[in-house]
Amino acid sequence: MRFLGNIEAKMDAKGRAFLPAAFRKILQAGSNGPDDADNSLRLVLRKDVFQPCLVLYPENVWNEQMDALRQRLNRWNKQHQQVFRQFVSEVEVLTLDGNGRFLVPKRYLRMADIDLDIKFVGMGDTIEIWSNTKTDQSQMNPDEFGKALEELMGEDTLIG
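Here it is, written out as structure tokens:
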């Protein structure tokens, strides 16, 4: 699954949003077949660890992330247990309705300071939900972005 791009949207007064059709198609294509179709439309919602946005994980991606984190942590280390507990307990499992809508609980809207105008941002295997007024906070200016890419990819790396 590769969610790419960004799409502006509005939530209704109850806090419901339509998952953009382009992202729904990718999510449905990621299912294993008709028996898995309902599971593929289950999402896990979490406040981002670093940014003032929410992150939607397809259920299988969430499970992979949770397994990867658990493997790095020692169950007999108090801080590791606290990190894991906080990571997995601050989530909400969402299911899309027949129209492709989902309800964002009010506490999550408060955590990310999101109002009715939102932006969905594809992040590869996850989807971020931003307040439309805050998406600039997630972007570097073009010069910083170019420099960071150059440092990350190295001058000797050929990109074709």
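Residue numbering for the sequence shown follows my numbering, beginning at 28 and increasing consecutively. Backbone N, C-alpha and C fix where the C-beta goes; we use that ideal spot for every residue, glycine too.
Asked                                                                                                      : Found
Pro85 - containing beta strand (DSSP E), residue span                                                      : 81-85
Cβ pair Ala139, Leu81 closer than 7 angstroms                                                              : yes
Bridge partners - Lys37, DSSP secondary structure assignment                                               : Asp144
Straight-line gap, Trp103 to Arg97 (C-alpha atoms, nearest Å)                                              : 12 angstroms
Close Cβ partners of Pro47 (< 8 angstroms) along its chain, the five nearest in sequence each way excluded : Ile34, Ala36, Phe147
Cβ distance (whole Å) where Ile154 is taken to contact Leu83 below 8 angstroms                             : 4 angstroms
Alpha helix (DSSP H) runs wholly inside the segment 86-136, at least 4 long, in chain order                : 86-99, 105-116
Residue environment, Val76, which counts as buried when at least 16 other CB atoms sit within 10 Å         : exposed
For Leu176, the three-state DSSP class (helix, strand or coil)                                             : helix
Reduced DSSP secondary structure (H/G/I, E/B, other) of Lys161                                             : coil
Ala44, DSSP secondary structure in three states                                                            : strand
Simplified DSSP state of Arg73, which is helix, strand or coil                                             : strand
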